[in-house]
Amino acid sequence: MVNDTISDMLTRIRNACLVKKRTVLIPYTRMTIQIVDILEKEGLINSYEIVSKKTVKNIIKNYNISKEFHFKEIQIFLKYYTKYKTQYYKLTTIKDKKAQSALKNQIKLLQGKQGRQRTSCITNLRRISKPGLRIYANKKELPRILGGAGIVILSTSKGIMTDREARFRKIGGEILCSVW
């Protein structure tokens, strides 16, 4: 059982992006579904769907009672963009034979790594307000991530929203996480 579902969700997404997985499963809560919805609206993930995944039977032996528990999960489809990596080398400018042969060997090693690379749209996810230390900000103290390129997700009295929306509505709240 995980006490902090938001940190668990961010860690699962971060690990899936590092391994370059296409999908990731996250436990369903009202908070996590709202955060995932914001990530989809901001264009950081492709889409998501709610999947009822696990069924657990709990049998109490003494009372002959059988209960079934259904757990919902959110399946997130991560978004990647294709980055082309190519390098050009001019061997004619190098006059030393040893340097030329060393550069040719380096080129042979790099040839397998050149070409298309999948790069995640999510560079970093960071949990700011934690269960042990809650962090709040009013409308004047809302942080900007990378000069507005990233987003901060807030929990306000009007619901969960981004920092831009909170500035527009002129409200503050608890700073949940930052994404860029």
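With the first letter of the sequence shown counted as 1, position 37 gets the number 55 in the numbering used here; the numbers rise by one all the way through. Each residue gets a CB set at the ideal place from its N, CA and C atoms; glycine is no exception.
Three or more beta-carbon pairs drawn from the stretch 36 to 45 and the stretch 91 to 98 are found closer than 8 Å, and the two stretches are therefore classed as touching. In the three-state scheme derived from DSSP, where H, G and I count as helix and E and B as strand, asparagine 21 is classed as coil. If only uninterrupted beta strand (DSSP E) runs of at least 3 residues are considered, those enclosed by the stretch 164 to 194 are 169 to 174, 177 to 180.
Of all alpha-carbon atoms in Ile153, Thr23, Asn64, Lys38, the one lying nearest the alpha-carbon of glutamate 192 is that of Ile153. Under the DSSP assignment, arginine 40 falls outside any alpha helix (DSSP H); it carries neither an H nor an E label.
In this structure glycine 166 is not in contact with valine 197, their Cβ atoms being roughly 13 Å apart against a cut-off of 8 Å.
For the pair isoleucine 56 and isoleucine 178, the CB atoms are nearer than the 8 Å cut-off. According to the DSSP assignment, arginine 144 belongs to the beta strand (DSSP E) that extends over 143 to 145.
DSSP, read as helix, strand or coil, puts lysine 101 in strand. Residues Val20, Ile44, Pro45 of the same chain have their beta carbon placed closer than 8 Å to that of aspartate 26, with the five preceding and five following residues left out of the count. Using a Cβ distance threshold of 8 Å, leucine 96 and alanine 34 count as a contacting pair.
Using a 10 angstroms sphere on the CB of aspartate 114, the tally of other CB atoms stays under 16, which defines it as exposed.
In this structure serine 138 is in contact with tyrosine 98, their Cβ atoms being roughly 6 Å apart against a cut-off of 8 Å. Within its own chain, the residues whose Cβ lies closer than 6 Å to the Cβ of lysine 38, once the five positions on either side in sequence are excluded, are Arg136, listed in chain order.
Distances from the alpha-carbon of lysine 157 to those of Thr174, Thr41, Thr141 put Thr174 closest.
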